[in-house]
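*Asks:*
In the UniProt record's numbering, the protein residues as written are 1 to 316.
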């Protein structure tokens, strides 16, 4: 399993909302305040999008998809001169999946959108989201590099109107698929623009580097191994000093600090699941004893493994 897959395997969706929306011109709506990830895709018609702190609005047409990894204030309207409603209750009122698209506002030309918001949960959500830009925009004409998009959206739209058993589970998976595929598109097409969590480094961009990306994958795949800077450098056929320098430049932190971070994040995920003993988890993340693991975990997480397990398992 590659490093991105290892990271994504630790993430699951908490609360989510997703529904089709048909709006008739003239209209203008402001985004709700939401701590999480959201997206829009235009199914029919067209509209304009103004993202806060950007100069010009973006024209969106049928087939365009935009993902906001973190909350980002924005406005959607049929045309820039339309009045903007400050009422976001329409977004909050529809926590249940509707069988029909929501229709409201004017009596002019219709625009059909699909709106979704999801709360990503897991030990390293922040590490994944922080380097991402304000938004990821995939144009309809770019679907050759993202051929999955229309198919996934069509499948999602069908499930939203379905009353079949298990459709909520399918919707959750499809929302995660959209998120993952948008991230993959960004890595392959836009990662040169990657915003670093720390100056000089970007984890997502580092994945594309043939040597540093391989080292990251080895760390994620085999956290139980007694890695050193020298052994990682040897695996990717670099000198120790060259590897250490390149790793820090691309990732934003030294190799062994990154190794410890991943071990603790993986351990946190295993503790949350709750079916392994502390000794088993310690071994799985590269510690020879439960005591050594407990000390490292407490230094890193500011809480003991046992207390962390009790705290996370007590949450609904």
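Even for Gly, the Cβ is constructed at its ideal location relative to N, Cα and C.
Judging by CA-CA distance, which residue of 217, 155, 53 is the nearest neighbour of residue 172?
*Replies:* The residue given as residue 172 occupies position 172 in the chain shown. Cα-wise, what sits closest to residue 172 is 155.
*Asks:* Entirely within the segment 165 to 192 and at least 4 residues each: give me those alpha helix (DSSP H) ranges in chain order.
*Replies:* Taking only runs of at least 4 residues, the alpha helix (DSSP H) segments lying wholly in the segment 165 to 192 are 167 to 189.
*Asks:* My assumption, with CB atoms under 8 Å, is that residue 23 sits in contact with residue 111. Please give the rounded CB distance.
*Replies:* Counting from one through the chain shown, the residue named residue 23 turns up at place 23. Counting from one through the chain shown, the residue named residue 111 turns up at place 111. So it is a contact: roughly 5 Å between Cβ atoms.
*Asks:* Tell whether a beta-carbon distance below 8 Å holds between residue 159 and residue 14.
*Replies:* As a first step, residue 159 must be located in the chain shown, where it is residue number 159. As a first step, residue 14 must be located in the chain shown, where it is residue number 14. Not a contact, by the Cβ cut-off of 8 Å.
*Asks:* Judging by CA-CA distance, which residue of 291, 35, 204 is the nearest neighbour of residue 249?
*Replies:* In the chain shown, residue 249 corresponds to position 249, counting from 1. For the residues 291, 35, 204, the minimum Cα distance to residue 249 belongs to 204.
*Asks:* Taking just the CA atoms, how far does residue 9 sit from residue 220?
*Replies:* Position 220 of the chain shown, counting from 1, holds the residue named residue 220. Position 9 of the chain shown, counting from 1, holds the residue named residue 9. Spanning the two alpha carbons is a distance of roughly 11 Å.
*Asks:* Tell me whether the beta-carbon of residue 274 lies closer than 8 Å to the beta-carbon of residue 309.
*Replies:* Here residue 274 corresponds to residue number 274 of the chain shown, with the count starting at 1. Here residue 309 corresponds to residue number 309 of the chain shown, with the count starting at 1. In this structure, residue 309 lies closer than 8 Å to residue 274 by Cβ.
*Asks:* Could you pull the DSSP bridge partners for residue 44 from this structure?
*Replies:* Translated into the one-based positions of the chain shown, residue 44 becomes position 44. According to DSSP, which records beta bridges pairwise, residue 44 is partnered with 112.
*Asks:* Kindly indicate which three-state DSSP category residue 216 falls into: helix, strand or coil?
*Replies:* Looking up residue 216 in the chain shown gives position 216. Three-state DSSP puts residue 216 in a helix.
*Asks:* Would you mind stating whether residue 286 and residue 263 have Cβ atoms separated by less than 8 Å?
*Replies:* Here residue 286 is taken as the residue at index 286 of the chain shown, counted from 1. Here residue 263 is taken as the residue at index 263 of the chain shown, counted from 1. Cβ atoms of residue 286 and residue 263: closer than 8 Å.
*Asks:* Indicate whether residue 265 and residue 124 have their beta-carbon atoms separated by less than 8 Å.
*Replies:* Position 265 of the chain shown, counted from the start, is the residue given in the question as residue 265. Position 124 of the chain shown, counted from the start, is the residue given in the question as residue 124. Going by C-beta atoms, residue 265 is nearer than 8 Å to residue 124.
*Asks:* At which residues does the alpha helix (DSSP H) containing residue 22 begin and terminate?
*Replies:* Within the chain shown, the letter at position 22 stands for residue 22. Residue 22 -> not in any alpha helix (DSSP H); beta strand (DSSP E) instead, spanning 12 to 24.
*Asks:* Would you check if there are 3 or more beta carbon pairs closer than 8 Å linking the segment 208 to 219 to the segment 47 to 54?
*Replies:* Judged by Cβ distances under 8 Å, the segment 208 to 219 makes no contact with the segment 47 to 54, as fewer than three pairs qualify.
*Asks:* Which one of 59, 256, 70 has the shortest CA to CA distance from residue 32?
*Replies:* One-based indexing of the chain shown puts residue 32 at position 32. Answer by Cα proximity: 70.
*Asks:* Hey, how far is the Cα of residue 243 from the Cα of residue 301?
*Replies:* The sequence position of residue 243 within the chain shown is 243, counting from 1. The sequence position of residue 301 within the chain shown is 301, counting from 1. Their Cα atoms are separated by approximately 28 Å.
*Asks:* Pick out whichever of 127, 21, 114 has its Cα sitting closest to the Cα of residue 261.
*Replies:* By 1-based counting over the chain shown, the position of residue 261 is 261. For residue 261, the nearest C-alpha among the options comes from 127.
*Asks:* Within its chain, find whatever has a CB closer than 6 Å to the CB of residue 281; leave out the 5 residues flanking it on each side and keep chain order.
*Replies:* Residue 281 sits at position 281 when you count from the first residue of the chain shown. Same-chain partners within the cutoff: 267, 270.
*Asks:* In three-state terms, what does DSSP make of residue 37?
*Replies:* Residue 37 sits at position 37 when you count from the first residue of the chain shown. Reduced to three states, the DSSP call for residue 37 is strand.
*Asks:* In chain order, which continuous runs of the alpha helix (DSSP H) of length 4 or greater are located wholly inside the UniProt domain "HTH araC/xylS-type" (213 to 311)?
*Replies:* Listed in chain order, they are 229 to 235, 240 to 251, 255 to 273, 278 to 284, 290 to 301.
*Asks:* So the alpha helix (DSSP H) residue 68 belongs to, where does it begin and stop?
*Replies:* Numbered from its first residue, the chain shown carries residue 68 at position 68. No alpha helix (DSSP H) contains residue 68, which is instead part of the beta strand (DSSP E) from 65 to 68.
*Asks:* Just to confirm, is the Cβ distance from residue 152 to residue 118 under 8 Å?
*Replies:* As a first step, residue 152 must be located in the chain shown, where it is residue number 152. As a first step, residue 118 must be located in the chain shown, where it is residue number 118. Their beta carbons are not under 8 Å apart, which means residue 152 does not touch residue 118 by this criterion.
*Asks:* Apply the 10 Å Cβ neighbour rule to residue 74 and answer buried if 16 or more other Cβ atoms are within range, or exposed otherwise.
*Replies:* Within the chain shown, numbered from 1, the residue matching residue 74 stands at position 74. Burial call: buried.
*Asks:* According to the neighbour-count rule (16 or more other Cβ atoms, all chains shown, within 10 Å of its Cβ), is residue 255 buried or exposed?
*Replies:* Taking the first residue of the chain shown as 1, we reach residue 255 at position 255. Buried.
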